[in-house]
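Those letters in the sequence shown? Residues 128 to 380, per this note's numbering, in order.
For each residue, glycine too, the CB sits at the ideal point set by N, CA and C.
First comes the structure, then the notes that go with it.
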Amino acid sequence: DLLTWCSVSVHSREVLQEILDTDLSNEAFPFSTHKVCNAAGHKVRAMRLSFVGELGWELHIPKDSCLPVYQAVMAAGAKHSIINAGYRAIDSLSIEKGYRHWHADLRPDDTPLEAGLAFTCKMKSTIPFLGRASLEKQKAEGLRRRIVCFTIDEKVPMFGLEAIFRNGVPVGHLRRSDYGFFIDKQIGYGYIRNPDGGVVNADFIKSGKFTLERMGVVYEAKPHLKSPFDPSNNRVKGIYPDNYHNVYKANAQ
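Right, here's the structure in full:
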């Protein structure tokens, strides 16, 4: 009964402010909050979320209101060269930002610590939750495997399941891979293990020479502990470089 539509870009606040009857400033509408409001006269739920690493909002719209709300958004965004984008764009942008996909990056046998998602658990509080004891034990003992981001300079397509080698020894495989058009590199995420059975920590990752094998060809890969794109999360906060508007306008033309 509802459609989810996302507006994400440096101009998303300007575009949506024209059709929503609520204040979209950082103070009035912080990240990860939501409000019921009107969009071009239609009641919607607006959520300040983004799965592509840019300033943005989701609009949850009743099906009978989808077309007029969509038309209003496109009209408001015309002066900013607004375009439609689908899931292939989301796949590329989300992997560049380091956001996890349930069907690939996350499985039932991956823990939040291994997946780099400890911040989603209330480990620093006294609040009990299912699996807390196991996570505390895993944290104390050290991770035996963890997800790592890899980039390669060669323009070769990878799709997941490519083997990961550390110093010539296989340590895992990519779960997901796509091209990052902003950083202009192929990106892959995969879980790696220590072949000696030891912990996989930052030193283990930084001290190794990593390669990825695709169809029998080996490519040098650079490991990253954080996403190589906007690791400070400035863009989702609406903080862009001073010259970004000029670059954005030039690229749009």
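Partner residues in a beta bridge of Asn-153, as assigned by DSSP, do not exist. A Cβ-Cβ separation of about 12 Å leaves His-169 out of contact with Leu-129 under the 8 Å criterion. Relative to Glu-340, the option among Leu-262, Asp-330 and Gly-317 whose CA is nearest is Gly-317.
Look at Glu-241 here: in three-state DSSP terms it is coil, with no helix or strand label. Cβ-Cβ separation between Val-179 and Val-135: approximately 5 Å, consistent with a contact (criterion under 8 Å). Look at the segment 198 to 225 and you find these whole runs of alpha helix (DSSP H), each 4 residues long or longer: 214 to 224. Following the DSSP letters along the chain, one finds Phe-158 in no alpha helix (DSSP H), marked with neither H nor E. A straight line joining the alpha-carbon of Phe-292 with that of Pro-189 spans about 49 Å.
Inter-residue distance for His-161 and Ala-173 is about 5 Å (C-alpha atoms, whole angstroms). DSSP places Val-142 in the uninterrupted alpha helix (DSSP H) bounded by 139 to 144.
For Ser-304, the enclosing beta strand (DSSP E) begins and ends at 296 to 307.
Counting along the chain, Leu-262 sits inside the alpha helix (DSSP H) bounded by residues 259 to 268.
Under the Cβ criterion (8 Å, minimum of three pairs), the segment 232 to 243 counts as touching the segment 271 to 289.
In the DSSP annotation of this structure, the continuous segment of the beta strand (DSSP E) that includes Ile-291 starts and ends at 290 to 293.
Between the beta-carbon of Cys-276 and that of Gly-325 there is about 21 Å, and that puts the pair past the 8 Å contact cut.
For Lys-349 against Thr-278, the beta-carbon gap comes to about 5 Å, under 8 Å, which counts as contact. A contact is defined here as three or more CB-CB pairs under 8 Å, and the segment 249 to 256 fails this definition with respect to the segment 227 to 234. In terms of Cα proximity to Lys-312, the closest of Met-285, Ser-261, Arg-175 and Pro-255 is Met-285. The C-beta distance from Gly-307 to Glu-223 rounds to 4 Å, short enough to fall under 8 Å.
Residue burial is scored here from C-beta neighbours: Asn-328 has fewer than 16 other C-beta atoms within 10 angstroms and is therefore classed as exposed.
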